[in-house]
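Inspection log for the structure reproduced underneath, given as structure tokens.
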Amino acid sequence: MKALDVASLVLAVSVFLAAVSVGLVYPLPVESIEEQVSTVVGPVARTRDPAGLVTGLLSVILYNNVGVAVRCVTLGFTLAFPLYVLYANGYMLGSVVSHVGYGSLALLPHGIFELPAIVYSSYLGVKTGALTLASLALRLSGKRSPRSVLREYGEALRKLALVLLFLTVAALIEVFVSLPLGHMLR
Numbered sequence: 001m002k003a004l005d006v007a008s009l010v011l012a013v014s015v016f017l018a019a020v021s022v023g024l025v026y027p028l029p030v031e032s033i034e035e036q037v038s039t040v041v042g043p044v045a046r047t048r049d050p051a052g053l054v055t056g057l058l059s060v061i062l063y064n065n066v067g068v069a070v071r072c073v074t075l076g077f078t079l080a081f082p083l084y085v086l087y088a089n090g091y092m093l094g095s096v097v098s099h100v101g102y103g104s105l106a107l108l109p110h111g112i113f114e115l116p117a118i119v120y121s122s123y124l125g126v127k128t129g130a131l132t133l134a135s136l137a138l139r140l141s142g143k144r145s146p147r148s149v150l151r152e153y154g155e156a157l158r159k160l161a162l163v164l165l166f167l168t169v170a171a172l173i174e175v176f177v178s179l180p181l182g183h184m185l186r
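Heads up, the sequence shown is in the working numbering, so the first residue is 1 and it goes up one at a time.
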């Protein structure tokens, strides 16, 4: 693994874990968590058709998570967006665990797929962002970057296929395992 890969991965994981810690100690108010969840799944949750509910939840969850993962890579050049995603997801996770305690075990079945996928897509964004900044700094100093930024973005976009697979599995598990498990653990 190259130095840029290691540094980007360490930064991504560190931001995520720090945010989880902050969420555990200084959690969001329950009302804020409920509002954020309701914003994403609220319209679907009001349906009375069981098949429509399942299909709607799968669609909304997958659309939301895939959108975040794709934006982490495509907006990686900002460096801020993937770092924000890591922080926001970590902080929300820490807040939920802080409030729900053992009930948060319901997050585990889908979380083992979803969280690595989000962290990995953010890592790809951080890596391309760092490379973009390094390339820009070299160009401003009159030197050429030894690595092609466009080639790196292309590689990151290809690696999103694995992320999309993980997010699809996570959405299926979330709807069919985690949500029912969450209701049982209440």
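Using N, Cα and C, we set each Cβ at its ideal position, and we do this for glycine too.
{"Asked": "Can you name the start and end residues of the alpha helix (DSSP H) that Ser32 belongs to?", "Found": "30-45"}
{"Asked": "In the structure shown, what three-state DSSP assignment does Asp5 receive?", "Found": "helix"}
{"Asked": "What is the residue span of the alpha helix (DSSP H) that Pro50 lies within?", "Found": "50-74"}
{"Asked": "Am I right that Gly154 and Val73 are in contact with their C-beta atoms under 8 Å? What's the rounded C-beta distance?", "Found": "Not quite, the Cβ-Cβ distance comes to about 10 Å (not below 8 Å), so this is no contact."}
{"Asked": "Fully enclosed by the segment 79-144, which alpha helix (DSSP H) runs are 4 residues long or longer?", "Found": "80-100, 108-140"}
{"Asked": "For Thr132, collect the residues of the same chain with a Cβ closer than 6 Å to its Cβ; drop the 5 residues on either side in sequence, then sort them by chain order.", "Found": "Phe77, Val149"}
{"Asked": "Lys127 and Ser8 - do their beta-carbons sit closer together than 8 Å?", "Found": "yes"}
{"Asked": "Taking only three categories from DSSP, how would you classify Tyr153?", "Found": "helix"}
{"Asked": "What is the DSSP secondary structure of Arg186, reduced to helix, strand or coil?", "Found": "coil"}
{"Asked": "By how many angstroms is the C-alpha of Glu34 removed from the C-alpha of Pro50?", "Found": "22 Å"}
{"Asked": "Does the beta-carbon distance from Ser32 to Ala106 come in below 8 Å?", "Found": "no"}
{"Asked": "Between the alpha carbons of Phe81 and Leu75, how many angstroms are there, rounded?", "Found": "6 Å"}
{"Asked": "Please state whether DSSP places Ser178 in a helix, a strand or coil.", "Found": "helix"}
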